[in-house]
Structures are given as C-alpha cells and as structure tokens.
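Chains as they are written, first to last, in this note's numbering: chain A, 1 to 288; chain B, 1001 to 1372. To start, the structure itself, in structure tokens.
Okay, here's the thing in structure tokens:
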C-alpha cells in the first residue's frame, strides 16, 4: 500500500507531463519532445526566484513568476520558431522539438550548472498521517494539484469556446481558419499553456527531490504515459501516468533488477501493438 | 548551361547521368583514397568515425528518407550488430565473415521487430522504436554472458582472416595501422552506398518511394505495403548492423553507454542536417556531426583564450551548437546540407536563369488522421 501511494505521487508527475504532451497534441496535432526539458527549465526558474542563494522570494510569488516567464517563453517559441514549419509533416516538428530540448538543456547547464539542486518549498519535510499510512505533504500536494489541473483542463476543452476552437484547429487547420478561428493565435496560446503546465510539473518534481539539467530526459517516460493513455485524451494521460508511476516501484520490488527501468516501455509497446491508439482511442481509419 | 538529352530509357535510371558525373565521382574517389596519405593519424581516426556514422546514416536513410518510416531507435540495431560481430569473433570466426553475418543477423532481427511495430503509423512508430532503443539499453546491461554487463567488452584488433592466416598484413588496428582501418571502412561505405543506390533505382526502391509519398495510393497501385515496409526495415537494419560491427572496433571497448537513446536521436539528427531523402545527405550529415566537436574545440582554444574561456567552461557545448544548427536547418533549409548543395549546383548549372523561388515549398495544411 505504501508502494502504491508513492507510485501514485510519481505517477502524477508523469501524468502532469503527459498532460502537456496531450494539450499540444490536442490543439495542433504536433508532438512536443521538449516537454521534459521545459519542465526542467521551469523548475530552475522557480529555484532562481525562491531559493535563498538567489532572489529568496516567498514560494507562491516565485512560482507565479516562473509560470508567467515559462508561458511567455513558449508563446514566443511558437510565434517565432514553430510558425516557420506550420503545416509541415509531424516529423519535422518532432526533430525540431528534440533539438530544442538539447538547446534548452545546454542553456540550463550553462546558467545553473550541472549539480542537482533542491528547491525551497513550504511543504518539504512535513508528513500527513492517513489511516496508518504516512504520506509526505509534498506527495499529497502533487496528487491534489494533478487531479485538479486535469479536471480544469478537461472542462476547458469540452466546455469553453477557446477549448473547442483548439480542437477544431487540430482537426483541420484550413477549415478552422475559414470558420473565423485565429489559428495562429490559438496555437501560440496553447503552447503558453503547456509552458505553464511544464513549470508546475517541474516545481512539483523538484519538491520531491532534486533537479538537474538531465532531468529533462524524464520527458521520455512521461511520453510512455501519454502513449498508454492515448494522445488525444486528457484523463487518458493522467491514467497512463498513474499506470507508469505505479508499475515502476512494484516492478522494482518484485521483479529482477533492471526490469523496473524497462517495465513502463514494455507496457507501452504492448499497448501500442494491441491498441495502437492508446487506451482512450480517438482515432478512426484514415480515409482518402 | 548544359543540357542533358535523354536518348534511351536507361538514361533515367543510370547511376551516372553523363561523363561529367563520372569525372566528379572519380575525383572524389581519388581524393578519399589519397586522404590517409595526406592527413595525420588523428584526422584519419576522425575520418573513420565519420565514415562509420555515414554507413549507419545510409542505413537509417533507407528507412526514414526513402520509405518514410521514422525510427528513433537505430542505436538498438547498432548495438545488435556490434555485439554480434564481437561474439562471433570470440568464437573464432574471421572478421570478413563475422561482419556480414552480424549484418544479416541484425537485418533478420530488425525484420522480426518490424512485423508488430510496422502496424503503427507515423508518429507512433517513432515512439515504439524509441521504446525499443531504451529497452535494448537495459537488456545489454542484463545479458551479462553475451555483452559483459555494465563493464562491457573490450575489443581486440581486427583479424580479417581470423586465426586461419595469422599474418600482420591481415591485422587491422585503429592505433597501429589507422590507414588500414580507414580503407576497410571506406570499402564498406562504398559497398553499402552502391547497394543502396542500386536498390533505389530498381522496382523495390520505387516501391519504397511510393510508400513514403502515400501509403494509400501505393496500396492502390498493387504494392504489398507490409512486405516492402518489412523489407526496408530489414535492409536498413542490415546496413546499421555493419556500421555497429565497425563501431565496436573503432571504440575498442563497448558497453551500453555507446548505444544510448541519445545515439539514436543523434543518428536521426545526422540525416536531418545532411538532408532527408538522399544518399548524399547521410554523408554530409555525418561529416558535420563528426567535424563539429573538433571545430568547436579549435575555435574556442583559438578565440576563447583571451576571454579566459576554454573547452571545459561549457560542457556539452558542441551538442548544444549541433542542436542549434539543426533548429536552423529545419526552419530555413528543410533539405539540409544536401539542399544547399543542390541550390548552389543548380545556380551554376543554369547560370543566368536561376530564380530564387525554384526550391520554394508548397504551402500545406495539416488535416487530422484522428476523427471523432
């Protein structure tokens, strides 16, 4: 049970990252391989504002500032970089975001160095007793924030005008444009949203331990989560993240060493083979 | 300006278009042959590295550039090729037999992997192969008896004919005789390139291109899509396996760290920088990839000294620059170095008539493959 809970908290981080993938996929049908690195960058920004050796602000304003900056950066990224390959095949975007991830990791390494850094949070070290189970306050906050964000984003996509506009853009860019949707601005906005989400995920991840520039590679694991859940579905992303997060500690405990590393990817391949579009499929056969 | 009049059907598919073409390639061949006699040992080793990655690039290009299947997991096949070669050699099989055998084994392995994986389309395929690469990484660590586990295996120098003929002439070592290693790699590279371009001008190659351009219409033309995709995957893995065997001997000591997911990504980056969909691209890309760290180091040592910067100030600088260059290429020159080369060549071939818009991309809009 304790394993389950710790897995749950880890899974929520993966889920949050996967939400970032899904968000961008839902709106622009592009994959953002740099999500993990964006997360890392957001966490370091927060560290800059919050930690005492830098600015030493209180936690919440620092987090807010990091979120705003991350959002602005990703907005600009879309406006000035991704616009050039607007409408090109998905593959171009994959390579572009992978390369951007490398660049972000390099920049972070230059600014903040390569040592693991911890973040000052008000929650660190506190624990919550919960029917005989001990749960760190940081774990609890991760779980709560993740579920809250998933619900908000889900409602956003299904209820608000902007959310529906995003879905329209993803299905047919030209038709969406004819319907009077400012496609370009919608894309930039969704990127900004993904940036904000990445910052939150980064802070939550850093609050559970330390963070260094190579943490961006965590994005690959979150990717497995997004695939398991199915790319088009927000609750699916969360579920996928939870599955990955829960499987890991159990595989580490009950299987031979080495398997816990590959268990998430094993599941992912099985899901891909038997349900190629994820557990919450949103796809139909392509028609000509 | 030069016109090419085609007077027979073969003119369309000949390897060399005309006599000038033959001349330039003969010149290139002579240059490559003379290279180890001109350059120092260090640069010859660099050239070997470039050649090995060019071979792997040609293999991956077959899949990504010509068949349109994106693989983010080719380091896995590099690893299979490397470990198969080494283990066969440990069993006493001479290198000249072990390398092709390793290639064939990797090809079969790839084709076997391809059967379930190729049911996936587009981006999902890239993800599945990426997972494969990660899994292989861990399998290398776990499969101790074959791979030596975390410590890895140390690799002896190449004995071309094994223990059958134990003469120094047939022993190839990176440090003792780099030029021999260079010629070995050059030989494999030329062989692989000829194989690729010959394949691409046959009906098989045209089927690959048809699948790349539109799977649905390829099927409508009577191409067995599944079979050709598997074939493409197999050949691609075969070539990558050969590169893996050479890479093992180049590195001298291999463990799982030589075949990380990053290697897979770098291989794909080589293709994008070089130029998608052309055999030239693999070579151009490998050249940029191989020369960049050296160039960056030299530049920093030269210009950074007054500023108090040396190559240790920014770890990973060349990777960062490589990625930044890649971003620039995707945004402004999607056909990579090869595209630049084509533009320059066309400019001179059509001298006064070249227009800027000749290579302009068509505007496209994405339509979803995902419907509600």
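Quick reminder that beta carbons are idealized off the backbone N, C-alpha and C, glycines included. Treat the numbers as computed from the prediction; the structure is a model and nothing was measured.
Rounded to the nearest whole angstrom, the CA to CA distance from residue 192/A to residue 57/A is 24 Å.
With contacts defined by Cβ atoms closer than 7 Å, residue 1086/B and residue 1248/B form a contacting pair. Distance check between residue 39/A and each of 26/A, 49/A, 90/A and 104/A places 104/A closest, using alpha-carbon atoms only. For the region 94-107 of chain A, the beta-carbon criterion of a distance under 7 Å to any beta-carbon of chain B is satisfied by 94, 95, 96, 98, 99, 100, 102, 103 and 106. A distance below 8 Å between beta-carbons, with the five flanking residues on each side excluded, links residue 263/A to the following residues of its chain, in chain order: 247, 248, 251 and 255. The C-alpha of residue 1038/B is placed about 14 Å away from the C-alpha of residue 1180/B. In the structure shown, residue 1159/B falls within a strand segment according to DSSP collapsed to helix, strand and coil.
The CB of residue 15/A never comes closer than 9 Å to any CB in chain B; the least such distance is about 17 Å. With a minimum length of 4 residues, the unbroken runs of alpha helix (DSSP H) contained wholly in the region 224-258 of chain A fall at 234-254. Between the alpha carbons of residue 33/A and residue 97/A lies a distance of about 5 Å. Put simply, the backbone Cα of residue 73/A is about 15 Å away from that of residue 20/A.
Considering only beta carbons, the part of the region 1255-1271 of chain B lying closer than 8 Å to chain A consists of 1261, 1265, 1268 and 1269, in chain order.
Residues of chain B with a Cβ closer than 7 Å to the Cβ of residue 166/A do not exist, since the nearest Cβ in that chain sits about 12 Å away.
Using beta-carbon distances, residue 227/A counts as an interface residue toward chain B, with a partner under 7 Å. Annotation: residue 60/A to residue 1317/B spans about 34 Å, alpha carbon to alpha carbon. Legend: CB atoms of the region 1057-1086 of chain B lying less than 7 Å from CB atoms of chain A belong to residues 1070. In this chain, the alpha helix (DSSP H) harbouring residue 1130/B covers 1122-1142. Taken in chain order, the complete alpha helix (DSSP H) segments of 4 or more residues contained in the region 1253-1322 of chain B are 1261-1274 and 1279-1299. Beta-bridge analysis with DSSP links residue 118/A to 210/A.
Interface criterion not met: the Cβ of residue 179/A is under 7 Å from no Cβ in chain B.
Residue 1286/B is a Cβ neighbour of residue 1050/B, given a cutoff of 7 Å. For the region 54-87 of chain A, residues whose beta-carbon sits nearer than 8 Å to a beta-carbon of chain B comprise 81, 84, 85 and 87. Any Cβ of chain A closer than 7 Å to the Cβ of residue 1131/B would place that residue at the interface, and such an atom is present.
For residue 1219/B, the enclosing alpha helix (DSSP H) begins and ends at 1215-1220. In terms of Cβ geometry, residue 219/A and residue 35/A form a close pair [threshold 7 Å].
For residue 204/A against residue 4/A, the beta-carbon gap comes to about 19 Å, at or over 8 Å, which does not count as contact. For residue 239/A, no CB of chain B lies under 7 Å from its own CB, so it is not counted at the interface with that chain. For residue 268/A, the closest Cβ of chain B is nearer than 7 Å.
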